[in-house]
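Number of protein chains: 2
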Amino acid sequence: MPEQRRYATLLAKGEDRRQRILLVAQRLLVRNGWRNTTLGQIGREAGVSPAGLLHHFESKEQLLHAVLEARDRYDDARRDSSGDVIEQINGAAARFQQVPDLIGMFIVLLIENLDPEAPLRGRILHRYQAAIEQISEGIRRGQRAGRYRTDVDPALKAVEIVAFLYGMETSWLLDPSIPLTEVFKEYTQSLALQLTLPADGH
Amino acid sequence: MPEQRRYATLLAKGEDRRQRILLVAQRLLVRNGWRNTTLGQIGREAGVSPAGLLHHFESKEQLLHAVLEARDRYDDARRDSSGDVIEQINGAAARFQQVPDLIGMFIVLLIENLDPEAPLRGRILHRYQAAIEQISEGIRRGQRAGRYRTDVDPALKAVEIVAFLYGMETSWLLDPSIPLTEVFKEYTQSLALQLTLPADGH
DNA sequence: ACCAACTTAATGTAGGTTCAGTAGGTTGGT
DNA sequence: ACCAACCTACTGAACCTACATTAAGTTGGT
């Protein structure tokens with residue numbers, strides 16, 4: 027039996043549990059925030075004791091990083107800087123329905139790490155700026171292609187769009203009954219109107 | 027000497043300290059979240075021991091409620107349902123500069139109270155819905171007055187606008203260097219464009 | 001026999017709260 | 001003017017609970 031296969035069953039079981047823990051941790055993180063989520067809660071829902079949990083992750087902090095890395099892998103997998111801005115926004119909207127458990131993680135961590143000394147602050151700020159940059163670039167591309175008016179400042183508009191997206195996440199976390207699709211549609215229409223019409227000086 | 031004036035000097039000192047505690051608590055609440063703010067921190071910055079703090083407020087939770095009530099009084103004082111939506115949004119923008127310490131309190135508490143069982147969840151949801159209602163009504167008023175197109179659904183647009191406002195708070199909390207004024211101006215222009223132009227069926 | 005995957009029972013610590021006491025200003029009577 | 005009773009505004013130490021983490025032991029597959 028090859029070295030790699032020794033304990034294959036056990037290791038598979040462990041990996042399974044590990045994934046389950048990550049999923050539960052992710053969900054509770056969004057619902058309760060990270061600081062207010064205890065290893066006991068995660069463990070209970072994942073079927074292990076707090077100590078058992080630390081068999082898979084060496085500390086609570088490291089578990090958080092594992093959750094973040096899983097999330098980053100997901101994001102990286104579907105980053106597409108090809109489509110135009112409207113499509114990017116619609117993509118974000120679709121994700122609300124497709125993977126509701128992932129929505130809000132970023133916002134929750136952002137709020138929990140506002141302090142300059144907060145451990146995740148750098149990482150989060152970086153991600154925010156990357157989002158701005160991605161949207162800006164989408165707008166610039168549209169302008170170069172002649173699809174968008176050139177008198178709209180891409181950087182400003184990007185800040186606005188990202189604010190709208192964050193705000194929708196926040197609103198939806200609070201009240202999932204809001205008419206997501208319609209609001210997104212409304213906003214993208216409004217955007218299109220402003221981005222594609224010629225200026226009229228009133 | 028009238029009954030109310032007994033111990034006037036002492037009571038004034040107490041009231042002074044009380045106000046100072048409220049201010050510090052409010053600031054730390056936004057920076058660190060409520061759960062991550064300790065009575066020790068608040069006390070240190072307000073010049074009392076944790077125990078001394080509880081002489082003025084009977085518990086940490088009650089202190090939070092006092093902060094909320096102070097905030098509500100402020101909000102109620104400047105509620106104006108008279109101006110149109112654009113003006114309301116500009117008013118919100120102005121508050122970022124005027125009273126930066128008040129910005130973000132709502133968002134932070136919102137995120138910390140997402141859970142259905144969370145103590146402030148009801149209060150926060152109610153306030154969100156009130157904000158939506160206020161904006162909706164502003165749009166409807168504009169429509170009745172013939173200033174706005176009637177083919178924009180006020181409820182939908184209100185959700186969008188509130189999302190933008192929350193998102194701007196969040197973004198600004200994370201990165202205060204964003205060009206606030208310009209983004210607000212950009213957004214209100216975009217809004218005006220959509221709300222006041224006749225429909226073109228493309 | 002060995003190793004992963006646990007469990008239960010400590011351990012340590014942070015933080016809210018309680019308690020007993022101190023300082024010093026206030027009041028009302030003398 | 002002075003004093004006793006009373007009050008507010010605290011402080012420091014002790015208390016208690018909730019957690020994260022550690023230690024030591026158990027189980028069951030390979």
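Quick mapping for you: the protein sequence lines, in order, are chains A and B.
Numbering-wise, the first sequence is residues 27 to 228 according to my numbering.
Numbering-wise, the second sequence is residues 27 to 228 according to my numbering.
By construction, the Cβ of each residue, glycine as well, lies at the ideal position given by its N, Cα and C atoms.
Spatially closest choice to A:V209 from B:V178, B:K183 and B:A120, by CA coordinates: B:K183
CB of B:L140 within 9 Å of CB of A:G130, strictly: yes
Within-9 Å CB hit, A:S205 to chain B: Note that residue 205 of chain A is Pro in the sequence shown here, rather than Ser. A:P205 counts as touching chain B.
B:E138, enclosing alpha helix (DSSP H) - first and last residue: M131 to E138
Partners in chain A for B:L136, counting only beta-carbon separations shorter than 7 Å: T196 and L200
C-alpha distance - B:L90 paired with B:F83, whole-angstrom precision: 9 Å
For A:G193 and B:V188, the rounded distance between their alpha carbons: 7 Å
Closest by C-alpha distance to B:V111, when choosing among B:G40, B:E195, B:R31 and B:A171: B:A171
Minimum Cβ-Cβ distance from B:R173 to chain A less than 9 Å: no
Euclidean distance between Cα positions of B:R97 and A:T176: 42 Å
Nearest neighbour of A:D101, chosen from A:L199, A:G78, A:V125 and A:K86 [CA to CA]: A:V125
Which listed residue (B:N62, B:G78, B:R32 and B:R61) has its alpha carbon closest to that of B:I47: B:G78
Where B:Q220 meets chain A, residues with beta-carbon distance less than 8 Å: Q215, S216, L219 and Q220
Pair within 9 Å by beta-carbon distance, B:L191 and B:I115: yes
A:L223 to A:E41 span [Cα, whole Å]: 54 Å
Boundaries of the alpha helix (DSSP H) in which A:G73 is found, first to last residue: Per DSSP, A:G73 belongs to no alpha helix (DSSP H) and is neither H nor E.
Cβ shell of B:R43 (< 8 Å), same chain only, five flanking positions each side left out: A72, G73, V74 and H82
Listed by chain order, chain A residues near B:D141 by CB distance under 7 Å: R57 and N58
Classification of A:E195 by the beta-carbon crowding that lies within 10 angstroms, buried from 16 upward: buried
Closer than 8 Å at the beta carbon, the chain A residues around B:I133: I137 and T196
C-alpha distance - A:G66 paired with A:P76, whole-angstrom precision: 5 Å
Reduced DSSP category for B:N58 - H, G, I as helix; E, B as strand; rest coil: helix
Backbone secondary structure at B:Y174 - three-state DSSP: coil
Pair within 9 Å by beta-carbon distance, B:W10 and B:V134: Since the first residue shown for chain B is 27 and the last is 228, residue 10 of chain B is missing from the structure and cannot be characterised.
B:L37 burial status per 10 Å Cβ neighbour count (16 or more: buried): exposed
Neighbour list for B:E208 in chain A, Cβ cutoff strictly below 8 Å: D179 and L182
Burial state of B:S108 (16 or more Cβ within 10 Å): exposed
Per-residue contacts from B:G193 into chain A (C-beta, under 8 Å): V188, A189, F190, L191, Y192, G193, M194 and T196
Environment of B:E186 [buried if 16+ CB atoms lie within 10 Å]: buried
B:P28 versus B:Q45: straight-line alpha-carbon distance, rounded: Note that B:P28 has pLDDT 39, beneath the 50 cutoff, so the model's placement of it is unreliable and no number is given.
Chain B residues whose Cβ lies nearer than 7 Å to that of A:L151: L200 and D201
Minimum C-alpha distance to A:D201 - residue among B:A218, B:R149 and B:K86: B:R149
Burial state of B:R99, where buried means 16 or more other Cβ atoms lie within 10 Å: exposed
Cβ separation of A:Y174 and A:I161, assumed to be a contact under 8 Å, to the nearest whole Å: At roughly 13 Å, the Cβ-Cβ gap does not stay under 8 Å, so A:Y174 and A:I161 are not in contact.
Three-state secondary structure assigned by DSSP to B:I204: coil
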